Amino acid sequence: MEKADALRVYRKLILARRAEERIREEYGRDEMKTPVHLGIGQEAIPVGVCQMLPPGTKSFGTYRNHALYLAVTDDTDRFFGELYGKVIGEAKGKAGSMHLAAPARGLLATSAVVGTTIPVAVGAALANRYRESEELVVSFFGDGAIEEGVFWESLNFACLRRLHILFVCEDNGLAIHTPTRQRQGFRSIPEAVQGFACHVLSGDGSDLLHVMALTRQILEQMAQDPKPGLLHLSYFRFLEHVGPQEDFDAGYRARPAPEEFKRLDPVARFERTLCQNGCNPSELAEIRREVDEQIARSVRASREAPFAPPDELSQDVFA
Amino acid sequence: MNAHLSFKKAINLALEKEMEADPDVFVFGLDVPDHKRLYGSTVGLVERFGERRCFGTPLSEDAMTGVALGAAISGLRPVHVHIRVDFMLLAMNQIANMISNLRYMSGGQLSVPLVIRAVIGRGWGQSAQHSKSLHSIFAHLPGLKVVLPASPQDAYSLLRSAIRDDNPVIFLEHRWLYDVEGEVDEGCSVPLGPPAIRREGDDLTVVCTSWMNVEAMKAADVLAKRGVELEVIDARTVAPLDVEPIITSVRKTGRALIADYDWVFCGFSAELAAVISHRCFGALRQPVERLGFAHVPCPTTRPLENLFYPSAAQIIRTTERLLGLEAADLSGESFYSHEQRFKGPF
């Protein structure tokens, strides 16, 4: 990768990380009245996958959607506006964190009920096929969604129709607080999916370059042999399921050792790679400074912005 | 152009006309293109428009409903069909968590122009899992439109309006109405919302949904022989419902009976009774009455099933009670049953 490209990707990665760190700082004020499912540790997956997507791709996600939203839009004004419930937000405060989407920019929907956007993504892929469009649809979901019937129904139909859709499983090994071994009666997700007519690749979702390489690889496979793809990417959720805190003292999982901590952190890992490949730490610091300024401006604007007027309550129910 | 059509042929024609007019309209669902063609309502579509626009699906109601939503927000106009409304319960996650909410949650950025057709009904010993109507449940959810046509003209015109609507519409078709015949004006447009006055009268307003229109019209014929005139109103669209014609009627008659093809408890009839009681309080000469399903799961055996469903006879008895009349001898009357199918004219 060219250095300029690498730094652009770094900017995306750090935008997601710094935005969420800012949420952690701000959340205690109780002005951001929306449950936040922070994705610290997850960022390399949406950032890396989105980096490789062709123009015109439509994406769908989950309630852990901040990095995806920012990877697609770069728009911290409408992002923080929505989290603060203000009229300048993406949905004028009607969506909040859990349903954040940017339809005009290709992120069609995210959802707080596990698995619900998967068939909708398949429907968007069917619409592309209907119109003889070659455009791609990507559907992000967590490992818990695999246990929902609708995942298998959707995978079945997508494979039956050989739709141009990329399923991305962001696997943090937890459904809220319940680990995989207490939930899944099969050896692994890639193995369980193997009987379906789709391409399957699995890898480390904490490694941004690896995510990008796997995405490129599966998109090539999908181009050569047209059928859906499923990327299974593991990552470590650093924070509690919902809310701004760590919860290593809650007893359901242990705090990783310091070295492991660094290996699981996609930002630390990518920074190390960048520095090993000729980037100067001060260049990265400069990008972080710019990103922090952008975030600070957006937080300020969002805090100062008005709430939607009362008549907005009954708007947008019907077209 | 006028034609004499059955209800099922009217639905079929509406689908054909909309598919012809708009290449973004497609029709899909379990069994849609099989040899029975959803009781005849999808005849000829796959031959004329091909498998791209008329296709069957896996047994995956939940996902296929999500697929309809995904296609709708991508600008297509899907018509998803269920041979029984009961199967829509498998798709309630998509209907109640996604379809009804998505426009609102996107701050108005997304439109969801989709139609879900489902057959409701009765007969053949359908029992508890093939007999529901569920329109009260759907109507309870903000963001859904809910339509129950009761005549061939409305089946045709309301389905066309539903497909043209930029919102999700649940379209519920009673199986017994499928063979009802009547005149259909192909140029007649019927908007979603306003009810239709089926028969004018001064003594009692009877507001009906779906098959109950047939029962009420029969009851009105019987009562008319004694000089009692029912005003029969077909609600047609239960959500969003334009109540004004109903309010006007009840203010005129001073009495209201809601004959709903659903359970009474927490049902559409309860909602409408509340609205009528509130809006017509000073004009009501008696409390608003309601008829609907018995509050039990639908039984299979015919004698019990007949007790489960509201009927013309019940409408007659309720009317007599409201008007202080003697109960008439109904032994000479012939009421509709599965054994004596109603064919219309409506």
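So the protein sequences, as listed, match chains S and U. Residue numbers for the first sequence follow my numbering, so the first one is 354 and each next one is one higher. Residue numbers for the second sequence follow my numbering, so the first one is -7 and each next one is one higher. For glycine and all other residues, C-beta sits at the position ideal for the given N, C-alpha and C. As the structure is a prediction and not an experimental result, all values here were calculated from the model.
Strictly below 8 Å CB to CB, what residues from chain S border residue i?
{"i": "Pro50/U", "result": "Glu506, Asn509, Phe510, Leu513"}
{"i": "Arg218/U", "result": "Ordered by position in chain S, no residue passes the 8 Å Cβ test against Arg218/U, which lies about 44 Å from the chain."}
{"i": "Arg44/U", "result": "Tyr483"}
What in chain S is Cβ-close to residue i, meaning under 9 Å?
{"i": "Leu222/U", "result": "Here the premise fails: no neighbours, minimum Cβ distance about 33 Å."}
{"i": "Asn159/U", "result": "Val670, Phe671, Ala672"}
Identify the continuous alpha helix (DSSP H) that holds residue i and give its terminal residues.
{"i": "His563/S", "result": "561 to 577"}
{"i": "Leu460/S", "result": "From DSSP, Leu460/S is part of no alpha helix (DSSP H) but of the beta strand (DSSP E) over 460 to 464."}
{"i": "His419/S", "result": "419 to 426"}
{"i": "Leu106/U", "result": "Premise fails: Leu106/U is in no alpha helix (DSSP H) and is neither H nor E."}
{"i": "Phe623/S", "result": "619 to 629"}
{"i": "Val206/U", "result": "204 to 216"}
{"i": "Leu41/U", "result": "One point to set straight first is that residue 41/U is Phe, not Leu, in the sequence displayed. 37 to 41 is the extent of the alpha helix (DSSP H) around Phe41/U."}
{"i": "Ile309/U", "result": "Looking at the sequence itself, residue 309/U is Arg, so the reference to Ile does not match. Arg309/U -> alpha helix (DSSP H) spans 304 to 315."}
{"i": "His517/S", "result": "Segment: none, His517/S is in no alpha helix (DSSP H) and carries neither H nor E."}
{"i": "Ile542/S", "result": "542 to 546"}
Go to residue i, then tell me how far its beta strand (DSSP E) extends in each direction, as first and last residue.
{"i": "Arg290/U", "result": "Checking the sequence, you will find Cys at residue 290/U rather than Arg. Per DSSP, Cys290/U belongs to no beta strand (DSSP E) and is neither H nor E."}
{"i": "Asp557/S", "result": "552 to 557"}
{"i": "Lys411/S", "result": "411 to 415"}
{"i": "Leu584/S", "result": "582 to 587"}
{"i": "Glu379/S", "result": "Counting along the chain, Glu379/S falls outside any beta strand (DSSP E), though it belongs to the alpha helix (DSSP H) covering 356 to 379."}
{"i": "Asn(-6)/U", "result": "-6 to -2"}
{"i": "Ala231/U", "result": "229 to 231"}
{"i": "Thr197/U", "result": "196 to 200"}
{"i": "Leu222/U", "result": "222 to 226"}
{"i": "Asp78/U", "result": "It is not in any beta strand (DSSP E) - Asp78/U carries neither H nor E in the DSSP assignment."}
Spell out whether any CB of chain S is found under 8 Å from the CB atom of residue i.
{"i": "Ile65/U", "result": "yes"}
{"i": "Gly62/U", "result": "yes"}
{"i": "Asp213/U", "result": "no"}
{"i": "Ala55/U", "result": "yes"}
{"i": "Gly21/U", "result": "no"}
{"i": "Gly135/U", "result": "yes"}
{"i": "Gln86/U", "result": "yes"}
{"i": "Gly99/U", "result": "yes"}
{"i": "Leu68/U", "result": "yes"}
Give the residues of chain U in contact with residue i, contact being defined as C-beta atoms less than 9 Å apart.
{"i": "Glu500/S", "result": "Result: empty, since nearest Cβ-Cβ is about 14 Å, beyond 9 Å."}
{"i": "Val503/S", "result": "Ser52, Asp54, Ala55, Gly58, Asn85, Gln86"}
Give the residues of chain S in contact with residue i, contact being defined as C-beta atoms less than 7 Å apart.
{"i": "Tyr365/U", "result": "Because chain U spans -7 through 338 in this model, residue 365/U falls outside it and cannot be assessed."}
{"i": "Leu102/U", "result": "Pro456"}
{"i": "Tyr96/U", "result": "Lys447, Asp669, Val670"}
8 Å is my cut-off, CB to CB: does residue i come that close to chain U?
{"i": "Phe432/S", "result": "no"}
{"i": "Lys580/S", "result": "no"}
{"i": "Glu443/S", "result": "yes"}
{"i": "His419/S", "result": "no"}
{"i": "Thr469/S", "result": "yes"}
{"i": "Ser464/S", "result": "yes"}
{"i": "Ala654/S", "result": "no"}
{"i": "Gly476/S", "result": "yes"}
{"i": "His452/S", "result": "yes"}
Using a Cβ cut-off of 8 Å, pull out every chain U residue sitting near residue i, in sequence order please.
{"i": "Lys439/S", "result": "Ordered by position in chain U, no residue passes the 8 Å Cβ test against Lys439/S, which lies about 12 Å from the chain."}
{"i": "Leu423/S", "result": "Correct list: empty, because the minimum Cβ distance to chain U is about 18 Å."}
{"i": "Leu479/S", "result": "Val59, Gly62, Ala63"}
Determine the chain U residues that contact residue i at a beta-carbon separation under 7 Å, and present them in chain order.
{"i": "Tyr588/S", "result": "Correct list: empty, because the minimum Cβ distance to chain U is about 26 Å."}
{"i": "Val473/S", "result": "Gly58, Leu61, Gly62, Met90"}
{"i": "Leu461/S", "result": "Ile65"}
- Query: Touch check for the region 24 to 41 of chain U and the region 54 to 64 of chain U: three-plus C-beta pairs under 8 Å?
  - Reply: no
- Query: Can at least three beta-carbon pairs, one atom from the region 601 to 609 of chain S and one from the region 433 to 448 of chain S, be found at a separation below 8 Å?
  - Reply: no
- Query: Counting only runs that start and end within the region 446 to 501 of chain S, where is the alpha helix (DSSP H) found for 4 or more residues in a row?
  - Reply: 470 to 483
- Item | Touching by the beta-carbon criterion (3+ pairs, under 8 Å), the region 188 to 198 of chain U and the region 81 to 98 of chain U | no
- Query: Hey, is the region 166 to 181 of chain U in contact with the region 136 to 146 of chain U, meaning 3+ C-beta pairs nearer than 8 Å?
  - Reply: yes
- Query: Touching or not, the region 208 to 220 of chain U and the region 153 to 164 of chain U, by the rule of three or more beta carbon pairs under 8 Å?
  - Reply: no
- Item | Segment contact, 8 Å Cβ cut-off, at least three pairs: the region 64 to 77 of chain U with the region 103 to 121 of chain U | yes
- Indicate whether the contact test is met: 3 or more Cβ pairs, each with one atom in the region 301 to 311 of chain U and one in the region 173 to 186 of chain U, closer than 8 Å. no
- Uninterrupted alpha helix (DSSP H) stretches inside the region 121 to 175 of chain U (no shorter than 4 residues): 127 to 131, 144 to 156
- Query: Is there contact here, the region 393 to 412 of chain S with the region 557 to 574 of chain S, by at least three beta-carbon pairs under 8 Å?
  - Reply: yes
- Task: Identify every run of the alpha helix (DSSP H) within the region 630 to 660 of chain S, keeping only runs that are complete inside it and at least 4 residues long; order them along the chain.
- Result: 634 to 657
- Query: When the Cβ atoms of the region 657 to 669 of chain S are set against those of the region 110 to 122 of chain U, are three or more pairs found closer than 8 Å?
  - Reply: no
- Curious, which full-length alpha helix (DSSP H) runs of at least 4 residues does the region -2 to 59 of chain U contain? -1 to 13, 29 to 32, 37 to 41
- Counting pairs of Cβ atoms below 8 Å between the region 496 to 515 of chain S and the region 24 to 39 of chain U, do you hit three or more? no
- the region 540 to 547 of chain S / the region 368 to 386 of chain S touching (three or more Cβ pairs under 8 Å): no
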